[in-house]
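The next block holds one structure in the form of structure tokens; read it before the comments.
Protein chains: 2
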Amino acid sequence: MTTDTTSYAPGKAATPEERKAWSSTSAGRVVTARKITRAEELRLILADEIVSGQLAPGAPLDESELARRFRVSRTPVREALRQLVASGLVDARAHRGAIVAHPDPERLAGMFEAMAELEALCAGMAAERMTVSERHALQSLHDQLRAISYLGDPQRFHEVTEAFHNAIYAGARNAYLAELALATRKRVQPFRRAQFRNIGRLAKSHAEHNRVVLAVMQGDRAAASAGMRAHIDTVRREYATYAGKA
Amino acid sequence: MTTDTTSYAPGKAATPEERKAWSSTSAGRVVTARKITRAEELRLILADEIVSGQLAPGAPLDESELARRFRVSRTPVREALRQLVASGLVDARAHRGAIVAHPDPERLAGMFEAMAELEALCAGMAAERMTVSERHALQSLHDQLRAISYLGDPQRFHEVTEAFHNAIYAGARNAYLAELALATRKRVQPFRRAQFRNIGRLAKSHAEHNRVVLAVMQGDRAAASAGMRAHIDTVRREYATYAGKA
DNA sequence: TTGGCACTCGTTGCATGCAATTCGCCATTG
DNA sequence: CAATGGCGAATTGCATGCAACGAGTGCCAA
């Protein structure tokens with residue numbers, strides 16, 4: 000416990016100014032979401048830190064420590080952790096604390112396989128259902144990726160890749176399926192960090208996307224699915240090569 | 000609030016005997032899970048009541064009321080609700096309470112479509128990966144279903160159907176994918192209650208399963224997928240026919 | 001020296017009180 | 001008469017204190 004410095008009066012735990020402090024760590028991504036609860040804020044921040052790799056798989060999530068860090072009581076921290084447990088990003092056992100989820104290799108392989116199929120499914124549906132303007136928007140993102148792969152900016156490439164996949168989710172016209180795919184993507188993300196340091200991977204990734212984009216533009220469901228499945232399968236293999244320590 | 004009858008001393012809110020009372024409502028399914036926390040208990044109970052239809056979509060979930068009902072404080076109730084929100088069975092908005100999830104028709108259609116594809120995927124994978132004994136076990140469940148469909152016991156038919164689908168999930172050798180499929184199944188379940196009152200549906204369901212079982216026995220992935228997709232699609236159409244009020 | 005055991009400490013689980021927000025109701029006004 | 005503004009009640013959100021559980025440590029006995 001060790002209530003050390005702060006005064007901590009009830010309902011006045013931290014001024015808004017104080018509370019801004021914590022988001023300074025996450026590189027300019029300050030989301031000034033004012034209309035949501037503290038627990039929801041914490042959930043979003045912690046999820047982001049897990050997905051972005053700031054909190055590595057296996058890292059302990061101490062309630063009191065997080066409460067101090069975010070200048071709130073343990074209650075909203077606990078609620079945020081419970082939701083993260085339910086979403087699969089965090090593992091917890093009663094009286095034994097919570098850690099960032101760290102699936103064993105077999106489970107991780109299953110997540111990759113499921114991701115491949117979900118993405119393939121979305122791509123196939125998108126090939127059939129996207130509007131003309133959506134197809135053009137997808138093509139535009141794809142072109143951007145080519146340009147970025149030449150420049151060799153992994154961070155930017157990653158961001159636009161996310162947009163690319165999100166565009167396909169949206170094109171599938173199934174919000175629920177999109178949520179499943181996105182959630183799976185996020186849960187796998189902490190284990191593919193290393194890939195984005197590999198510049199050579201960018202061009203290959205773009206080439207794989209090319210098959211998908213072509214099929215989507217032509218409305219060829221089977222080809223779009225196959226292309227996306229192959230792409231994610233490459234991602235999986237790439238991970239398997241890089242990761243000896245998983 | 001109205002602290003009416005019980006004394007309610009801290010840490011001694013209810014004796015074990017008192018706490019047994021609530022589970023008597025759910026028809027003999029008393030799970031004497033002693034080693035888990037109260038919040039976890041509540042989560043399981045509420046999820047079961049939602050899936051089983053005791054709590055209908057749209058029903059309000061008042062924290063204080065649930066706390067009284069289960070003889071606990073609001074804290075574990077809140078944690079259970081948060082987890083149910085994260086799992087999609089409950090919707091909640093800050094300061095406005097929680098209700099049993101009630102997706103609009105479009106979203107529900109998406110859930111049915113996703114379920115069809117997930118089940119199809121599992122069936123296809125199971126056709127390739129099941130052991131011989133697993134295939135025989137599946138066949139056995141299928142035979143049981145035929146017998147039950149003759150007897151016309153919808154409740155029992157439902158239970159064995161669940162076991163049938165779970166056997167296919169297990170045969171797919173992908174725990175993560177199985178979780179997705181099962182979660183989706185549970186989220187859709189509250190909207191297909193009516194179907195199990197329709198005795199005629201039982202025989203048709205069994206006939207649809209037949210295609211899947213045959214394909215699985217022969218290791219024919221494509222046929223197993225197609226069969227399962229067609230089955231779930233029938234389920235969806237059946238729902239669409241029954242439900243004017245969704 | 002080693003195995004078992006009780007004790008202690010740290011962390012999590014739960015209860016409770018207060019603060020904050022929302023919504024319904026009623027009065028006031030155009 | 002309708003619309004709007006503010007007040008009150010009810011409900012949720014958060015802080016805090018205490019209880020319970022687990023893990024580590026040191027002691028005792030074999």
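So the sequences go chain by chain: A and B.
All residue numbers for the first sequence refer to numbering that gives the first Met the number 0, where the first residue is 0 and numbers rise by one.
All residue numbers for the second sequence refer to numbering that gives the first Met the number 0, where the first residue is 0 and numbers rise by one.
For every residue, glycine included, the Cβ atom is placed at its ideal position computed from N, Cα and C.
My guess is that L176 of chain A and E118 of chain B are in contact by the Cβ rule of under 8 Å, so how many angstroms apart are they, rounded?
Their Cβ separation, rounded to whole angstroms, is 13 Å, which puts L176 of chain A and E118 of chain B out of contact at 8 Å.
List, from N- to C-terminal side, the beta strand (DSSP E) runs of 3 residues or more that fit wholly inside the region 161 to 190 of chain A.
Listed in chain order, the beta strand (DSSP E) runs fully inside the region 161 to 190 of chain A amount to none, counting runs of at least 3 residues.
Within 10 Å of its beta-carbon, does I198 of chain A have 16 or more other beta-carbons around it, so buried, or fewer, so exposed?
exposed
Neighbour flag for Y175 of chain B against chain A, beta carbons, 8 Å:
Contact with chain A is found for Y175 of chain B, since one of that chain's Cβ atoms lies less than 8 Å from the residue's Cβ.
Can you pull the chain A neighbours of E109 of chain B, defined as C-beta to C-beta under 7 Å?
Position check: residue 109 of chain B holds Gly in this sequence, whereas Glu was assumed. Within 7 Å Cβ-Cβ: N173, A174, Y175, L176.
Can you check whether the CB of L41 of chain A is closer than 8 Å to the CB of A79 of chain A?
The answer is yes: Cβ separation under 8 Å.
Contained alpha helix (DSSP H) runs [length at least 4] in the region 84 to 150 of chain A, N- to C-terminal order
104 to 128, 131 to 150
Would you decide whether R200 of chain A is buried or exposed? Buried here means 16 or more other CB atoms lie within 10 Å of its CB.
buried
Nearest-angstrom Cβ-Cβ length linking A166 of chain A and L137 of chain A, presumed shorter than 8 Å:
Yes, A166 of chain A and L137 of chain A are in contact; Cβ-Cβ is about 5 Å, under 8 Å.
List the residues of chain B whose Cβ lies closer than 9 Å to the Cβ of Q82 of chain A, in chain order.
R81, Q82, V84, A85
For I49 of chain A, which residues in chain B fall below 9 Å Cβ to Cβ?
For I49 of chain A, no chain B residue has a Cβ inside 9 Å of its Cβ, as the nearest lies near 14 Å away.
Return the Cβ separation of R220 of chain B and G123 of chain B in integer angstroms, given the expectation that the two are a contact with Cβ distance under 8 Å.
The beta carbons of R220 of chain B and G123 of chain B sit about 4 Å from each other, so the pair counts as a contact at 8 Å.
Assign G57 of chain B to buried or exposed, taking buried as 16 or more other Cβ atoms, counted over all protein chains shown, within 10 Å of its Cβ.
By the neighbour-count rule (16 or more Cβ atoms within 10 Å), G57 of chain B is not buried but exposed.
So L179 of chain B contacts chain A; which residues on that side make the cut at Cβ distance below 7 Å?
Those are A113, L179, listed as they occur along chain A.
What does the Cβ neighbour count give for Y149 of chain B, buried or exposed, with the cut at 16 atoms within 10 Å?
The residue is exposed, with fewer than 16 neighbouring Cβ atoms inside 10 Å.
Can you name the residues of chain A whose CB is closer than 7 Å to the CB of R106 of chain B?
A174, Y175
Is the Cβ of L120 of chain B closer than 8 Å to any Cβ of chain A?
So, interface residue.
With DSSP run on the structure shown, which of helix, strand or coil describes P75 of chain A?
Reduced to three states, the DSSP call for P75 of chain A is helix.
Between A:R92, A:Q82, A:H141, which has its C-alpha nearest H164 of chain A's C-alpha?
Among A:R92, A:Q82, A:H141, the Cα nearest to that of H164 of chain A is on A:H141.
I'd like to know whether the C-beta atoms of R77 of chain B and E62 of chain B end up nearer to each other than 8 Å.
yes
With a threshold of 16 other CB atoms inside 10 Å of the CB of R28 of chain A, please say whether the residue is buried or exposed.
For R28 of chain A, the pLDDT reaches just 33, beneath the cut-off of 50, and the residue's location in the model is therefore unreliable, although a value from the coordinates is still provided. It counts as exposed.
Checking the sheet assignment: what are the DSSP bridge partners for L45 of chain A?
In DSSP, L45 of chain A forms no bridge with anything.
Neighbourhood of A162 of chain B by C-beta distance below 6 Å, restricted to the same chain and skipping five residues each side:
L140
So what does DSSP say about S6 of chain B, is it helix, strand or coil?
Its pLDDT being 32, under 50, S6 of chain B is placed unreliably by the model, and the measurement read from it follows with that caveat. Note: S6 of chain B maps to coil in three-state DSSP.
Just the Cα atoms here: how many angstroms apart are A222 of chain A and R228 of chain B?
One C-alpha to the other measures close to 20 Å.
Which residues in the same chain have their Cβ closer than 8 Å to the Cβ of I147 of chain B, if we skip the five residues on either side of it in sequence?
R155, F156, V159, L201
Separation of T240 of chain A from M216 of chain A, as counted between CA atoms
So the two alpha carbons sit approximately 32 Å from each other.
Where does T183 of chain B land, buried or exposed, given buried means 16+ other C-beta within 10 angstroms?
By the 10 Å Cβ count, T183 of chain B comes out buried.
Between I44 of chain A and chain B, is the shortest Cβ-Cβ distance under 8 Å, so that the two count as touching?
no
For a contact defined as C-beta to C-beta under 8 Å, what are the partners of R77 of chain B on chain A?
E78
Excluding the 5 residues preceding and the 5 following A126 of chain A in the sequence, name in chain order all residues of the same chain whose CB lies nearer than 7 Å to its CB.
A214, V215, G218, D219, R220, A223
Neighbour-count burial assignment, S132 of chain B, 16 or more Cβ in a 10 Å radius
exposed
Cut-off 6 Å between Cβ atoms - residues of its own chain near D232 of chain A, not counting five sequence neighbours on either side:
A115
Of the residues A:G170, A:E105, A:L107, A:N209, the one placed nearest R134 of chain A, counting alpha carbons only
A:G170
With 16 other Cβ atoms within 10 Å as the buried cut-off, status of A100 of chain B:
buried
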